[in-house]
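Please read the structure below before turning to the comments.
In our numbering, the protein residues as written are 216 to 375.
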């Protein structure tokens, strides 16, 4: 990927209404959780919290979250399991998410949205912890309409 292309890609942070951002801990072991919560009220540029949101090719309603660091995609391992993140998962339903609350072409900070998994269709990206604490894992949880499953999509402004 050329530096010019990288700077033309739009990046986003995903902020849970529980007060944490979706953070990619890319140096994880196979049993560890790579998608963790991280408090960052300042929204300072951090590649570990930056995601490319892409439409899944051949679909109108599915999206992927790709890490700015290495294009690893977030995927569901099932109910109440921590999320995974790996490269080469783009074609798997477990890595596809339905964006609920706005259309793909209207992504902005205004709407509150939820992310429902395509493979596990009753499960949502979920922060199941009572407090906004750094280093705790995000999971996919049963749909419940609680703040733990509601997010804001924040556009990232790269440093010059």
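Just so it is clear, CB atoms sit at the ideal spot from N, CA and C, and this is done for glycine as well.
Whole-Å CB distance - residue i paired with residue j, under 8 Å assumed
i, j, result
"residue 354", "residue 343", "6 Å"
"residue 232", "residue 362", "4 Å"
Identified DSSP bridge partners for residue i
i, result
"residue 328", "366"
"residue 312", "278 and 332"
"residue 301", "288"
"residue 354", "297 and 341"
8 Å Cβ cutoff met for residue i and residue j
i, j, result
"residue 352", "residue 251", "yes"
"residue 328", "residue 310", "no"
"residue 347", "residue 234", "yes"
"residue 350", "residue 339", "no"
"residue 238", "residue 253", "yes"
"residue 313", "residue 300", "no"
"residue 260", "residue 373", "yes"
For residue i, the nearest candidate out of the options (CA to CA)
i, options, result
"residue 325", "316, 284 and 290", "316"
"residue 322", "270, 237, 240 and 253", "270"
"residue 336", "224, 306, 257 and 292", "292"
"residue 264", "372, 283 and 277", "283"
"residue 230", "374, 307, 330 and 373", "330"
"residue 236", "370, 320 and 285", "370"
"residue 307", "294, 277, 241 and 260", "277"
"residue 275", "366, 345, 319 and 360", "319"
"residue 281", "261, 373, 341 and 302", "302"
"residue 305", "248, 257, 241 and 290", "290"
"residue 249", "285, 258 and 257", "285"
"residue 241", "296, 262 and 257", "262"
Item checked: Complete runs of the beta strand (DSSP E) confined to the stretch 218-277 [at least 3 residues] -> 227-231, 236-239, 250-253 and 266-270
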